[in-house]
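Quick note: the sequence shown uses this note's numbering, first residue 216, plus one each step.
Here the structure is laid out as structure tokens; the discussion comes afterwards.
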Amino acid sequence: MNDIDIVPIAEQHIDGFHQALDTVARERRYLTFLEAPPLESTRAFVRDMIDNGHSQFVAIADGAVAGWCDIRRHAQPIHAHGGALGMGILPAFRGKGLGERLIRTTIEDAQSKGLVRIELNVHADNARAIRLYERVGFVREGIGKDFVCIDGRYLDVISMAIVRR
């Protein structure tokens, strides 16, 4: 798994990021999307992340995006010390330590830019992700009951955060 590079996202990664996002979204299990937004919306999102210095990294395997992790600083001044984390890994690359490499790189970058609080929401049935988040220091802060409904199936969501001052 060490032959996969973790790099800051760049313009040339946008199409691959969009494809990876769509693949994970269409699994209908992990993300708040059921499919990726249109490519132009994804392009605008990534350009905004780059232009505003938000932390976003991609895992590159054989020239293709195999996963991503991003932390977007909150816009409101009273919340600007924190940001929200999102990530995904293509199915073939799961369970091999790539998620931990990605999340640690992204958290370190965000904290170097002054973020104190990083938060996320995870579906309560996503045990693998919850273990990863706890392993890198996230703690559970609350549960949203029936927070998500996918194909008529209601899921709780666990809110987690890591705070370092």
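A virtual CB, placed ideally from N, CA and C, is assigned to each residue, including glycine.
On a predicted model such as this, the values are computed, not experimentally measured, just so you know.
Can you list, in chain order, the residues of its chain with a C-beta nearer than 6 angstroms to that of residue i? Leave out the 5 residues immediately preceding and following it.
| i | result |
| --- | --- |
| Leu-236 | Ala-251 |
| Gly-314 | Ile-304 and Leu-347 |
Let me check one thing: in DSSP terms, what residues is residue i bridge-paired to?
| i | result |
| --- | --- |
| Val-372 | His-338 and Gly-359 |
| Ala-251 | Bridge partners of Ala-251: none, in fact. |
| Ala-279 | Ala-276 |
Between which two residues does the beta strand (DSSP E) holding residue i run?
| i | result |
| --- | --- |
| Ile-322 | Not the beta strand (DSSP E): Ile-322 falls in the alpha helix (DSSP H), residues 313-327. |
| Gly-303 | 297-304 |
| Asp-220 | 220-223 |
| Ala-276 | 270-276 |
Whole angstroms are fine: how far does the CA of residue j sit from the CA of residue i?
| i | j | result |
| --- | --- | --- |
| Ala-376 | Asn-267 | 22 angstroms |
| Leu-335 | Ala-299 | 6 angstroms |
| Gly-297 | Thr-257 | 22 angstroms |
| His-269 | Ala-259 | 13 angstroms |
| Lys-311 | Ile-345 | 16 angstroms |
| Gly-231 | Gly-359 | 32 angstroms |
| Phe-362 | Ile-286 | 22 angstroms |
| Gln-227 | Tyr-245 | 25 angstroms |
| Glu-349 | Glu-356 | 12 angstroms |
| Ala-325 | Tyr-369 | 32 angstroms |
Thinking C-alpha only, which one of the options is nearest residue i?
| i | options | result |
| --- | --- | --- |
| Gly-264 | Cys-284, Ala-279, Pro-253 and Val-280 | According to the sequence shown, residue 264 is Met rather than Gly. If we check each option's Cα against that of Met-264, Cys-284 comes out closest. |
| Val-222 | Arg-241, Gln-326, Ala-281 and Tyr-245 | Ala-281 |
| Ala-274 | Asp-366, Arg-262 and Ala-307 | Ala-307 |
| Pro-292 | Val-239, Phe-362, Ile-322 and Leu-330 | Leu-330 |
| Asp-366 | Ile-318, Asp-220 and Thr-247 | Thr-247 |
| Arg-379 | Ile-322, His-289, Ile-219 and Arg-309 | Ile-322 |
| Asp-340 | Leu-317, Ile-333, Asp-371 and Gly-314 | Asp-371 |
Got a sec, what are the start and stop residues for the alpha helix (DSSP H) residue i sits in?
| i | result |
| --- | --- |
| Ile-229 | 229-240 |
Using a Cβ-Cβ cut-off of 7 angstroms (strictly less than) and excluding sequence neighbours within five positions of residue i, which residues of its own chain qualify?
| i | result |
| --- | --- |
| Arg-319 | Val-351 |
Excluding sequence positions up to five away, which residues of its chain have a Cβ less than 8 angstroms from the Cβ of residue i?
| i | result |
| --- | --- |
| Ile-224 | Phe-232, Val-261, Met-264, Ile-265, Gln-271, Phe-272, Val-273, Trp-283 and Asp-285 |
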